[in-house]
Structures are given as structure tokens and as C-alpha cells.
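Numbering (my numbering), first residue to last: 55 to 335.
1) Going by DSSP in three states, residue 127 sits in which element: helix, strand or coil?
2) For residue 95, count neighbouring C-beta atoms within 10 Å of its own C-beta (all shown protein chains included) and say buried if the count is 16 or more, exposed if not.
3) State the Cα-Cα distance for the pair residue 278 and residue 260, rounded to the nearest angstrom.
4) Please report the distance separating the alpha-carbon of residue 207 from that of residue 138.
5) From 130, 109, 155, 302, pick the residue whose C-alpha is nearest to that of residue 62; which is it?
6) Taking the straight line between their C-alpha atoms, what separation do you get for residue 243 and residue 211?
7) With DSSP run on the structure shown, which of helix, strand or coil describes residue 58?
8) Assign residue 159 to one of two classes, buried (16 or more other C-beta atoms within 10 Å of its C-beta) or exposed (fewer than that).
9) Work out the CA separation of residue 274 and residue 131 for me, nearest whole Å.
10) Verify whether the separation of the beta carbon atoms of residue 226 and residue 199 is less than 8 Å.
11) Is the segment 315-334 in contact with the segment 100-120, if contact means three or more CB pairs nearer than 8 Å?
12) Helix or strand or just coil, what does DSSP make of residue 108?
13) Looking at the strands, I want to know which residues DSSP matches up with residue 344.
14) Quick one: Cα of residue 151 to Cα of residue 140, how far?
15) Could you tell me the distance, in whole angstroms, from the CA atom of residue 301 to the CA atom of residue 231?
16) What is the rounded straight-line gap between the Cα of residue 115 and the Cα of residue 272?
17) What's the C-alpha gap between residue 113 and residue 66?
18) Any idea if residue 228 is buried or exposed, counting beta-carbon neighbours within 10 angstroms, 16 or more meaning buried?
19) So, under 8 Å CB-CB, residue 289 and residue 276 are touching, yes? Tell me the CB distance rounded to an integer number of Å.
20) As a quick exercise: from 320, 91, 145, 264, pick the residue whose alpha carbon is nearest that of residue 237.
21) For residue 219, write down the residues that DSSP places opposite it in a beta bridge.
22) Could you check what DSSP says for residue 163 in three-state terms: helix, strand or coil?
23) Identify every residue that forms a DSSP beta bridge with residue 135.
24) Less than 7 Å between C-beta atoms, sequence neighbours within five positions excluded: which residues of the same chain meet that for residue 119?
25) Considering Cα atoms alone, identify which of 250, 143, 205 is closest to residue 182.
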């Protein structure tokens, strides 16, 4: 299987050339405790058997400065593409997006909260950001959204308004799955299934959650595939943010999805990624 990872991160070991300037003013602990240069990522991919990756910019390290993710991915153009972040409310955001796209950015990500700040989805449906979404549609770039259940109503609004933009929901929007089948507590996630441009990113968080409470990997992932289809699901390692080697993270994901058909697994571990990021094909 030609495995593709759509959610690793890289951190430079040269803070003079790439100085930290974290979003919200607080740098993430993982970026200091488990930094991973682009060369380290490639070595981890080789050891794990991961062919290619869409590397996600670390907003909690560099804010809106995408230089390292772009420069790092340029070193391995045959294996990596860069996913960056911009100030969606800036007056010149369309020009900024065009500029990064010319430098090779293959997609964008909105970070509304996470390890360093509670989620604030107000940016998502702010009309000032709509010109950025229009530029994404024009350039054919996908958008990852980092939010929790609190932001899913705004995700629906954006998916409906900008139906030509592929939206990738980081960590599946962090659903509550502990109640088990039929996963009523995750209803707000499954209510997005009718939106064909919404895709889900399966990361270590969900592979851990399905081992808790009344949840199970077999029942939850079958439910997600039934609702969204495997063609809208993609695996992301969250390496090195999530602890463990890339090989260990991949092994956990493969074990969690083992009950799915070979065809569904092929979509999740590569096929969907190639659709979202054609440069990885």
C-alpha cells in the first residue's frame, strides 16, 4: 500500500533563521519537547513505510510564518507538500494566499484553538474571511479546519457557501464517542455527512478515544464509513505532536481500521490524500 500521511509537523533546529512566533502568544509544549526537522520526518517516514506526506504548518510555533514548512518540503519535492496558515481576516489575505501558493503551498489550515487555547470558532464565519475562501476556490486549494464540536455549525455554513472548496476536518472535529453505538453524542459530526466537500482526518486522538467507554474501533469506524464513505476519510499521524514513533502511530491506525475492507483502507491510507493533494499522486 502506498501510504500517505496528511498530518505530520516539522520544526526547524535553526531558530535564528526560523524564529518561533506562536499563534496566541504561547508556544506548544510538544514543539519544544519533541521537535522534528524535515530530515527527521523523512527518516521516520522511511522507517515506518510512509511514502509521502502533506506536512501541516505548526501554528503554535510559527504563527502565520510558513517559511519553514515551505522550505522544508521543497527539499523533498517528490515526497512532501506543504499546508500553511494565514491570517484569514487580513485585508490583503487573497494576495497573501496567492504569494504562498506561488511558493508551493498546496493547502491551508485554520487553527481556531487546541493545545494552547480553547476553541474560538468566531473567525470561521466572519464575513471578512470570505475573500480568502473565494481565493481558495479560485486556486483549487483545500482547507483544513482545526476546531471542536463548538465550531461544526460554522463548518456547515462554510461548506455550503464555498462548495467548491474541499474542507478537511482535523481530528474529525474531536467528537465525543464514549457513549458507543449509535454514537448519539457525535451527532453534530454525522450531520455533516450530506456535505460532499467535507472530509475527515483520522488521527491518533480518535484511535485512542475508540478504546474508551462504550466505544470500539469496529463500531465507530464502520459508522463513519457508512456516513461519509472512505473516499472522504484520510489518515494523519499528528507526528511528533502525538507521542510515539511514526511507525507506532501508523501501526495503531492500521489495527484500528483492520475491520474495514481492503478497499476502504486503501482510500484512507492514500487514495483520499491523492485527491485532496494532487501533487502527492
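Beta carbons are placed, not taken as given, at the ideal position from N, Cα and C, and that holds for glycine.
Computed from a prediction, not measured in an experiment: that's the story for all the values here.
In short, the structure shows the following:
1) For the purposes of this step, residue 127 is taken as residue 73 along the chain shown, with counting starting at 1. In this structure, residue 127 counts as helix in the three-state DSSP scheme.
2) Position 41 of the chain shown, counted from the first residue, corresponds to residue 95. Flag for residue 95 reads buried.
3) Taking the first residue of the chain shown as 1, we reach residue 278 at position 224. Taking the first residue of the chain shown as 1, we reach residue 260 at position 206. Answer to the nearest angstrom: the Cα atoms are 12 Å apart.
4) For the purposes of this step, residue 207 is identified with residue 153 of the chain shown, where counting begins at 1. For the purposes of this step, residue 138 is identified with residue 84 of the chain shown, where counting begins at 1. Roughly 24 Å separates the two Cα atoms.
5) In the chain shown, residue 62 corresponds to position 8, counting from 1. Nearest option by C-alpha distance: 109.
6) On the chain shown, residue 243 is found 189 positions in, with the first residue counted as 1. On the chain shown, residue 211 is found 157 positions in, with the first residue counted as 1. If you take the alpha carbons of residue 243 and residue 211, they lie about 14 Å apart.
7) Working through the chain shown from its first residue, we reach residue 58 at position 4. Three-state result, residue 58: strand.
8) On the chain shown, residue 159 is found 105 positions in, with the first residue counted as 1. That one is buried.
9) Numbered from 1 along the chain shown, position 77 holds the residue referred to as residue 131. Numbered from 1 along the chain shown, position 220 holds the residue referred to as residue 274. About 36 Å.
10) As a position in the chain shown, residue 226 is number 172, starting the count at 1. As a position in the chain shown, residue 199 is number 145, starting the count at 1. No, Cβ-Cβ distance for residue 226 and residue 199 is not below 8 Å.
11) yes
12) Within the chain shown, residue 108 is the residue found at index 54, counting from 1. Reduced to three states, the DSSP call for residue 108 is strand.
13) With the chain represented from 55 up to 335, any question about residue 344 goes unanswered, as that position is not in the structure.
14) Translated into positions along the chain shown, residue 151 becomes position 97. Translated into positions along the chain shown, residue 140 becomes position 86. Looking at the two C-alpha atoms, the distance is approximately 7 Å.
15) The count along the chain shown starts at 1 and reaches residue 301 at position 247. The count along the chain shown starts at 1 and reaches residue 231 at position 177. Between residue 301 and residue 231, the C-alpha separation is close to 25 Å.
16) What you label residue 115 is simply residue 61 of the chain shown in a count that begins at 1. What you label residue 272 is simply residue 218 of the chain shown in a count that begins at 1. C-alpha separation (whole angstroms): 36 Å.
17) Sequence index remark: in the chain shown, residue 113 carries index 59 (1-based). Sequence index remark: in the chain shown, residue 66 carries index 12 (1-based). Residue 113 and residue 66: Cα-Cα distance of roughly 13 Å.
18) The sequence position of residue 228 within the chain shown is 174, counting from 1. Flag for residue 228 reads buried.
19) As a position in the chain shown, residue 289 is number 235, starting the count at 1. As a position in the chain shown, residue 276 is number 222, starting the count at 1. Between residue 276 and residue 289 the Cβ distance is about 16 Å, and since that is not below 8 Å, they are no contact.
20) Within the chain shown, the letter at position 183 stands for residue 237. Out of 320, 91, 145, 264, 264 has the C-alpha closest to the C-alpha of residue 237.
21) Numbered from its first residue, the chain shown carries residue 219 at position 165. Paired residue(s): none; residue 219 is not in a bridge.
22) As a working mapping, residue 163 is identified with position 109 in the chain shown. Three-state DSSP puts residue 163 in a strand.
23) For this step, residue 135 is matched to residue 81 along the chain shown. Per DSSP, 108.
24) Looking up residue 119 in the chain shown gives position 65. Contacts found: 75.
25) Taking the first residue of the chain shown as 1, we reach residue 182 at position 128. Cα-wise, what sits closest to residue 182 is 143.
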